[in-house]
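Since the structure comes first, as structure tokens, the remarks are kept for the end.
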Amino acid sequence: MCEPCYTAALRHRGTCRGCHAERRLVHPPGPQAHTCADCAGLPTSHVCTDCGREDKLYERGRCERCALARRAGKLLRADHGKVPAELLAVHDAILATSTPRTALNWLRGGAGAAVLADLAAGTTALTHDALDAHPRRRGADYLRHVLVAADVLPARDEPLARIEAWVATVLAEVQDGEHRRLLQGYATWQVLRRLRRRAARSATGHSPTGYPRTQLRTAARFLNWLDQQGLTLDRCRQGDLDDWLAATPTGYPARDFLAWAAEHHHCIPMLVPATARNTGTAIDADERWALVARLLHDDSLDLADRVAGALLLCYGQQLSRIAVMRTDQVHHRGDPDIVALRFAAHEIIVPEPLSGLLTDLAAAGRRSHRGIGSPATSPWLFPGHLPGRPITAARLGERLRLLGIRALPARRATLVQLAAEVPAAVLAELLNLTPATATRWTRDSGADWSGYAAELAHRHDHQP
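Going from the sequence shown to our numbering is simple: count from 1 and add 1090.
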């Protein structure tokens, strides 16, 4: 008998026809078994020595859950004889995992488990700073999410914390003292300050930091170029900047640094021309609607993928926005048959069959239990594998690509349709676009909304 069939036989449970108890069913042999070993007159086997449950045994006569309890307790008790009070919530979260074998393997060889052992032994402090400094960085980062999900550590914006550490490293590598002073001022009072303000307003606790890193690197490259030309920033003129931009096609991100520098009198105001934006290709309408039909009606697809793809193809939502949607954005408007979905300040009534898929996914998210140490329920519509965190936009994009959905061309096709149907101002709020971008999409779609403002102005209930 192969391993999967052997495991299935050992875990074939149900109500015994003889004693009516919940037991392992062993007779007649095979999937049709309906009688327990006692009632069938057969010897009982594979019974956990700790809990007495009939199950596949993991080690030393114990089932997976009991083996997990023993191993977790041994690791967390360390030399104290009992689990430290501050780690009890972590202990309970590990035992509550829906995949005990995965948790057992993690405790046996996972880098995060080794860090957890250090916390239990008291050799590593229970703080974010101590985890940042731990030599097992990847393990410490995963464990951090477990600790935060269990309310043992306060939540923090991880990308923001990482870019703060990255900035310190980058500045330490700058040899020129004047360059370092300028870059430190720019990073502290412009880049990081702006990120902290955004993080304070964000509900996701996950700041995008890719472009800010590019801005700082580009500013450093520009200062190095000036030095090679025998120039300083205060002596730089527009012609010098133009020469650098001509030789550096990727120099546009320096625009933010130069605006900050001019505002603080480190240089004269200079112009960095905006780069031409290529909207790229879009899938055609037939392909788009064929994809939508498959997502809405093919029950063999993963529910989360179906909803994410539909939100992209029907409502033009960005993957970064879909990934951090919360279950409370889906609700019934006083009627179980009416499902509303909230995007920022706008609320949309979702028709069937998407409304049913959304309702099912929201319910699944509320009882989600994905990774080791994950909470039993999740506020995220698309929970990720890190405890307490949503899926990443990158991972969501990978999943959709497996279904033949390329996010950017698909979203462009949706934007063209939506821009033709709603005014630019509404499109901007609905899709989190800048007014200029929304106006450009409306113009490109061929829509004419010139009479929209006039119509609003003449409505009786409109307040100018």
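Positions of the beta carbon are idealized from the N, C-alpha and C atoms, including for glycine.
Computed from a prediction, not measured in an experiment: that's the story for all the values here.
| query | result |
| --- | --- |
| Which class does P1554 belong to by DSSP, given the choice of helix, strand or coil? | Confidence is the limiting factor: at P1554 the pLDDT is only 36, short of 50, which leaves the residue's position unreliable, though a coordinate-based value still follows. P1554 falls in the coil class under three-state DSSP. |
| Cutting at 6 Å between CB atoms, please list the residues of its own chain near C1156, excluding the five before and the five after it. | C1138, D1140, C1141 |
| Ignore the nearest five residues each way along the sequence and tell me which others in T1504's own chain have a CB closer than 8 Å to its CB. | R1378, L1402, L1403, C1404, Y1405, G1406 |
| For P1473, which beta-bridge partners are listed by DSSP? | P1480 |
| How long is the line joining the alpha carbons of V1512 and R1502, rounded to whole angstroms? | 15 Å |
| From R1396 to R1228, what distance separates their C-alpha atoms? | 32 Å |
| List the residues that DSSP assigns as beta-bridge partners of F1312. | F1312 pairs with nothing; no bridge assigned. |
| Which residue wins for smallest C-alpha separation from G1200, given the options L1165, A1179, D1219, T1213? | L1165 |
| Please list the segments of the alpha helix (DSSP H) lying wholly inside the segment 1394-1450, counting only runs of 4 or more residues, in order along the chain. | 1409-1413 |
| In chain order, what are the residue ranges of uninterrupted beta strand (DSSP E) at least 3 long that sit wholly in the segment 1101-1139? | 1103-1105, 1112-1114 |
| Determine, using beta carbons only, whether L1451 and A1413 come nearer to each other than 8 Å. | no |
| DSSP beta-bridge partners for R1530? | According to DSSP, which records beta bridges pairwise, R1530 is partnered with nothing at all. |
| Where DSSP assigns a beta bridge to L1165, which residues make up the other side? | BP columns for L1165 are empty, so no partner. |
| Comparing C-alpha positions only, which one of C1153, D1145, T1304 sits nearest to L1194? | C1153 |
| Can you name, in chain order, every residue of its own chain whose Cβ lies under 8 Å from the Cβ of D1551, other than the five neighbours on each side? | Residue placement at D1551 is flagged as unreliable, the pLDDT there being 46, under the threshold of 50; a coordinate-derived value is accordingly withheld. |
| With contact counted as at least three CB pairs below 8 Å, one residue from each stretch, are the segment 1295-1312 and the segment 1345-1360 in contact? | yes |
| From the DSSP output, which residues share a beta bridge with C1153? | L1147 |
| Which class does A1375 belong to by DSSP, given the choice of helix, strand or coil? | helix |
| Helix, strand or coil, according to DSSP, for V1205 in the structure here? | helix |
| What residue range does the alpha helix (DSSP H) around P1498 cover? | Pro is not the amino acid found at residue 1498; the sequence shown has Leu there. Segment 1497-1511, the alpha helix (DSSP H) holding L1498. |
| Reducing DSSP to helix, strand and coil, say where T1338 ends up. | coil |
| Just verifying my parser: in three-state terms, what is the DSSP assignment at P1302? | helix |
| Kindly list the residues whose CB is nearer than 6 Å to the CB of A1400, restricted to its own chain and excluding five residues on each side of it in sequence; keep chain order. | L1385, L1444 |
| What distance in whole Å lies between the Cβ atoms of G1474 and P1465, which are believed to be in contact at a cut-off of 8 Å? | Incorrect: roughly 12 Å between the Cβ atoms, too far for contact. |
| For G1171, which residues of its own chain have a beta-carbon under 8 Å away from its beta-carbon, when the five flanking residues on both sides are left out? | none |
| May I ask you to report which of helix, strand or coil DSSP gives I1253? | helix |
| Per DSSP, what kind of secondary structure is A1544 in: helix, strand or coil? | Only weak support exists for where A1544 lies, its pLDDT of 43 falling under 50; the coordinates are left without a value. |
| Would you kindly work out how many angstroms separate the C-alpha atoms of L1447 and S1297, rounded to a whole number? | 29 Å |
| So, do the segment 1236-1256 and the segment 1176-1183 have three or more beta carbon pairs nearer to each other than 8 Å? | yes |
| Helix, strand or coil: how does DSSP classify L1386 here? | helix |
| Is it true that the segment 1489-1496 meets the segment 1244-1255, where meeting means three or more beta-carbon pairs spaced less than 8 Å apart? | no |
| Kindly give me the distance between the Cβ atoms of H1218 and R1246, rounded to whole angstroms, as I take these residues to be in contact under 8 Å. | 6 Å |
| List, from N- to C-terminal side, the alpha helix (DSSP H) runs of 4 residues or more that fit wholly inside the segment 1212-1238. | 1218-1223 |
| Taking buried to mean at least 16 other C-beta atoms within 10 Å of its own C-beta, is S1135 buried or exposed? | exposed |
| Whose C-alpha, out of L1508, L1100, A1175, A1130, is nearest the C-alpha of H1110? | A1130 |
| Let me check understanding here. Comparing Cα to Cα, which of R1303, M1360, A1336 lies closest to C1326? | M1360 |
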